[in-house]
Amino acid sequence: MNKVISVAIIGCGGRGLNAFGIPMQTRFSDMFNVVSVCDINPEALNNAAIALGIDKASCFLSEDTFFSRKRADLLVIATQDRDHVRHILKALELGYDIMAEKPLTSSREECAMLLKAQKDSGKKVFVGHVLRYAPAYLKVDELLSSGTIGRLISISETEQVWYGHFVHSYVRGPWRRKENSSPVILAKCSHDLDLLQYYARSRCESISSVGSLSWFRPENAPEGAAERCTQCRYMDTCPYSAKRLYIDRMKDRPDYVFSTIIVRPKKLTPESAWEAIRTGPYGRCVYHCDNDVPDNQQCLMKFSNGVTAILDMNAFTGNGGRIITFHGSLGEIIINEDEDFIRIKIYGREEHENIPISSLVDQKYGHHGGGDDGQLRSLYAMLTGRISEVTSLENSIESHLMGIAAEESRLLGGQLVQVHQ
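The end of the sequence shown is residue 435 by the numbering used here, with every number in the run present.
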């Protein structure tokens with residue numbers, strides 16, 4: 015019989031509870047058993063206790079109390095970005111194996127500190143680069159590895175950030191200011207940076223990057239725009255209006271609206287939603303927030319084996335979804351999330367092969383393209399030594415250094431920066 019791994023979770027928000035806790039306690043209960051949780055929000059903690067069936071004595075509001083002793087085999091860290099390093103170091107001291115959400119840090123020094131602490135502890139640390147476990151991205155890896163397009167020469171990637179998601183998270187929301195989070199190239203594109211170095215099969219040597227906060231600024235506000243959407247003449251016409259992004263979507267996306275703007279324990283009603291945008295952070299005009307992170311950024315990379323890559327992060331897209339083109343010596347592969355295809359073009363052949371991404375994914379559990387479920391299965395296999403450590407801390411630090419170098423280059427006006435210094 016399988017060994018059941020006991021799990022503690024710190025951070026019971028969307029990722030901690032929905033991507034880890036509930037699936038572990040239900041569909042993957044033959045592999046995991048969540049026995050303890052910690053969150054600074056009493057309502058989030060109570061919701062987790064109920065959803066996971068955990069006794070109140072094993073639920074903690076204080077991280078100091080939670081970390082007073084080891085409470086499980088594995089610790090899932092799903093807290094805010096700025097908390098990750100502190101929580102990883104505490105967990106390693108107690109002897110936990112760790113599954114941590116990303117990004118971990120935007121500091122070169124802390125990257126080195128984490129690697130040393132992990133090595134000294136002898137414990138396993140995995141990072142949530144969930145797309146490495148998604149069927150479509152595994153299929154691309156299979157095609158590249160089998161030589162379908164010959165030798166890989168270059169990669170072109172566009173991270174299309176849906177405009178509504180960008181203003182929610184990076185203009186009005188928790189990731190709007192670099193000082194409280196991570197550079198947007200790390201916060202939004204950690205998956206992309208990880209995939210690029212994974213597919214390139216090489217360390218990244220150097221990066222040049224440019225980008226700016228070009229649009230969500232006071233001088234770009236329409237004439238007469240108010241500081242809150244509910245008081246604004248453009249409430250029904252501005253694409254970034256909180257009314258249009260939240261109130262008008264309540265019927266079709268109630269769970270999204272509830273999880274993003276309602277402060278628990280309030281229930282989602284038309285009245286509570288209107289109150290949230292009248293008084294809360296998500297009702298502010300996008301041109302009058304205190305945001306300072308770029309809304310577009312482009313990176314040019316060179317890898318040690320000669321592969322080159324371009325990454326374009328752009329907030330001005332209608333649907334979102336990655337588009338990645340792999341240019342090889344014998345052909346090219348294109349993956350387009352928005353249009354639901356992997357396309358294989360072999361030079362000299364008139365017909366192209368198209369694989370629907372949706373045909374590879376169990377739509378019932380399709381979040382992150384099926385990567386969330388794939389990650390949990392692989393996490394168990396990695397912890398029990400059945401497969402190699404795919405998204406280990408060592409592998410993840412490489413993409414973190416790429417993001418750090420990209421932000422250094424952007425701040426230097428696009429100067430070429432060495433990734434490893």
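Note that CB positions come from ideal geometry on N, CA and C, so glycine has one too. Note that the structure is predicted; figures quoted are calculated from it, not measured.
Item to check | Cβ neighbours of F34 in the same chain (closer than 7 angstroms, five flanking residues each side left out) | outcome: In the sequence shown, residue 34 corresponds to position 20, counting from 1. For F34, where only same-chain residues beyond five positions count, the Cβ hits under 7 angstroms are I23, V90, A92.
Checklist entry - Comparing alpha-carbon positions, which option in L207, N234, R231 lies nearest I221? => result For the purposes of this step, residue 221 is taken as residue 207 along the sequence shown, with counting starting at 1. In terms of CA proximity to I221, L207 leads the group L207, N234, R231.
Item to check | C-alpha distance - A201 paired with W189, whole-angstrom precision | outcome: Your numbering for residue 201 matches position 187 in the sequence shown. Your numbering for residue 189 matches position 175 in the sequence shown. If I take the Cα positions, the gap works out to 8 angstroms.
Item to check | H341 to S223 span [Cα, whole Å] | outcome: By 1-based counting over the sequence shown, the position of residue 341 is 327. By 1-based counting over the sequence shown, the position of residue 223 is 209. For the pair H341 and S223, the Cα-to-Cα distance works out to about 21 angstroms.
Next on the checklist: Could you tell me the alpha carbon to alpha carbon distance between V198 and Y184, rounded to whole angstroms?
Outcome noted: Position 184 of the sequence shown, counting from 1, holds the residue named residue 198. Position 170 of the sequence shown, counting from 1, holds the residue named residue 184. In this structure, the alpha-carbon of V198 lies about 8 angstroms from that of Y184.
Next on the checklist: Is the separation between the beta-carbon of E427 and that of N310 shorter than 8 angstroms?
Outcome noted: Position 413 of the sequence shown holds residue 427. Position 296 of the sequence shown holds residue 310. Going by the sequence as given, residue 427 is Gly instead of Glu. Remark: C-beta atoms of G427 and N310 do not approach each other more closely than 8 angstroms.
Item to check | S286 - containing alpha helix (DSSP H), residue span | outcome: As a position in the sequence shown, residue 286 is number 272, starting the count at 1. S286 -> alpha helix (DSSP H) spans 284-293.
Next on the checklist: In the DSSP output, which residue or residues are listed as bridge partners for I11?
Outcome noted: The structure shown does not extend to residue 11, since the chain spans only 15 to 435, so no value can be given for it.
Item to check | DSSP three-state assignment for M127, whether helix, strand or coil | outcome: By one-based count along the sequence shown, residue 127 stands at place 113. Judged by DSSP in its simplified three-state form, M127 adopts helix.
Item to check | Nearest-angstrom Cα separation, counted from S413 out to N319 | outcome: Walking along the sequence shown from the start, residue 319 turns up at place 305. Walking along the sequence shown from the start, residue 413 turns up at place 399. Whole-angstrom Cα-Cα distance: 16 angstroms.
Checklist entry - What three-state label does DSSP hand E421 in the structure shown? => result Position 407 of the sequence shown holds residue 421. DSSP places E421 in helix when its eight states are reduced to three.
Next on the checklist: Extract the residue ranges of the alpha helix (DSSP H) inside the region 382-427, only unbroken runs of 4 or more that lie entirely within it.
Outcome noted: Here the runs fully enclosed are 385-397, 407-425.
Next on the checklist: Is the beta carbon of R186 closer than 8 angstroms to that of Y296?
Outcome noted: Here residue 296 refers to the residue found at position 282 of the sequence shown. Here residue 186 refers to the residue found at position 172 of the sequence shown. Taking 8 angstroms as the Cβ cut-off, Y296 and R186 qualify as a contacting pair.
Checklist entry - Is there at least one Cβ from chain D nearer than 8 angstroms to W288's Cβ? => result Here chain D cannot be found, since the structure has a single protein chain.
Checklist entry - Which residues does DSSP pair with V90 in a beta bridge? => result In the sequence shown, the residue the question calls residue 90 occupies position 76. Beta-bridge pairing links V90 to I23, M113.
Item to check | Outcome for L75 when other beta-carbon atoms lying within 10 angstroms are tallied against a minimum of 16 | outcome: Position 61 of the sequence shown, counted from the start, is the residue given in the question as residue 75. With fewer than 16 other Cβ atoms inside 10 Å of its own Cβ, L75 counts as exposed.
Checklist entry - For S135, which residues of its own chain have a beta-carbon under 8 angstroms away from its beta-carbon, when the five flanking residues on both sides are left out? => result Counting from 1 along the sequence shown, the entry for residue 135 is found at position 121. These residues qualify, in order along the chain: L106, E107, G109.
Checklist entry - Helix, strand or coil for R263 per DSSP? => result For the purposes of this step, residue 263 is identified with residue 249 of the sequence shown, where counting begins at 1. In the three-state reduction of the DSSP assignment, R263 falls in the helix class.
Next on the checklist: Comparing C-alpha positions only, which one of G385, A395, K17, V154 sits nearest to Y213?
Outcome noted: Locating residue 213 in the sequence shown gives position 199, where the first residue counts as 1. Residue nearest to Y213 within the set G385, A395, K17, V154 is V154 (criterion: CA-CA distance).
Item to check | For Q174: DSSP bridge partner residues | outcome: The residue you call residue 174 lines up with position 160 of the sequence shown. Its beta-bridge partners are N328, G335.
Item to check | For M315, the first and last residue of its enclosing beta strand (DSSP E) | outcome: Numbered from 1 along the sequence shown, position 301 holds the residue referred to as residue 315. 310-317 is the extent of the beta strand (DSSP E) around M315.
Checklist entry - According to DSSP, is G35 helix, strand or coil? => result Translated into positions along the sequence shown, residue 35 becomes position 21. Helix at G35.
Item to check | Opposing strand residues paired with S222 [DSSP bridges] | outcome: Translated into the one-based positions of the sequence shown, residue 222 becomes position 208. In DSSP, S222 forms a bridge with L314.
Item to check | Same chain, Cβ closer than 6 angstroms to L66, five either side skipped, listed in chain order | outcome: As a first step, residue 66 is located in the sequence shown; it is residue number 52 there, counting from the start. Cβ within range, chain order: G35, Q39, V48.
Next on the checklist: Once DSSP output is grouped into helix, strand and coil, what is the label at T79?
Outcome noted: Indexing the sequence shown from 1 puts residue 79 at position 65. Three-state DSSP puts T79 in a helix.
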